[in-house]
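Please read the structure below before turning to the comments.
Residue numbers (the numbering used here): 54 to 265.
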């Protein structure tokens, strides 16, 4: 099985998620419904081979040590990005991939409250976005960063795991660092960020007291 074909099928079918796990057919979530996209159920061995084929050596080690790993990949044609959550279940590997939208929507397109534009441009303070999975936190934050990037000058630094939206340099220089690739942890990256003349710091997730 060519894993890249599954990624491209996700794009063609406009699927939001791909499920790859043992003893079931590869399946995609399309319009909110999970649909099998192959007739053959996958063995644990095949799932493991597919998973290892898209991992770096460091990610393979992390998965072997913790039985969990999160990272991002692109398809071979580099036309789409996907967030991968790999895990162990019933002593066999599995993974769920979510397609990452690479086009950053504007705040107006998202119909966000106008006050968020003011918050995006503020020079001091802290903004915390909270909410359930899939409620648009990452997309809203990306649109705020995009607004700041287009309407000011300065240095924006993001620390993410993985990088979801890729920002182009506009009014600002945008430095995007991915945990596990560009830095070892949120905590280490944050400490060093303070020495890099930041005007805005975006932390993708707060997982520890030290980061807070």
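Each residue gets a CB set at the ideal place from its N, CA and C atoms; glycine is no exception.
Model, not experiment: these values are computed from the prediction.
Measuring straight from C-alpha to C-alpha, what distance separates residue i and residue j?
i, j, result
"residue 135", "residue 125", "6 Å"
"residue 243", "residue 212", "8 Å"
"residue 253", "residue 166", "20 Å"
"residue 181", "residue 199", "17 Å"
"residue 235", "residue 109", "13 Å"
"residue 55", "residue 131", "16 Å"
For residue i, report the span of its beta strand (DSSP E) as first-last.
i, result
"residue 259", "Note, residue 259: premise wrong, no beta strand (DSSP E); not H, not E."
"residue 171", "Unbroken run through residue 171 is the alpha helix (DSSP H), 168 to 174; no beta strand (DSSP E)."
"residue 70", "70 to 74"
Report yes if the CB atom of residue i is closer than 7 Å to the CB atom of residue j, and no otherwise.
i, j, result
"residue 90", "residue 81", "yes"
"residue 153", "residue 78", "no"
"residue 146", "residue 101", "yes"
"residue 241", "residue 228", "no"
"residue 139", "residue 208", "no"
"residue 70", "residue 129", "no"
"residue 148", "residue 156", "no"
"residue 196", "residue 160", "yes"
"residue 64", "residue 133", "yes"
If I follow the unbroken alpha helix (DSSP H) through residue i, where does it start and stop?
i, result
"residue 108", "Counting along the chain, residue 108 falls outside any alpha helix (DSSP H), and DSSP gives it neither H nor E."
"residue 95", "Careful: residue 95 lies outside any alpha helix (DSSP H) and carries neither H nor E."
Output needed for residue i: all residues of its chain with C-beta closer than 7 Å, excluding positions within five of it in sequence on either side, in chain order.
i, result
"residue 214", "123, 231, 232, 233, 257, 258"
"residue 193", "163, 165, 182"
Suppose the cutoff is 6 Å on Cβ atoms and the five residues either side in sequence are ignored; what does the same chain contact list for residue i look like?
i, result
"residue 190", "182, 184"
"residue 112", "122, 124"
Kindly provide the ranges of any alpha helix (DSSP H) runs that are 4 or more residues long and lie completely inside the stretch 209 to 238, ordered along the chain. Fully enclosed alpha helix (DSSP H) runs of 4 or longer: not present.
Any beta strand (DSSP E) of 3 or more consecutive residues that is wholly inside the stretch 148 to 203: Qualifying beta strand (DSSP E) stretches: none in this window.
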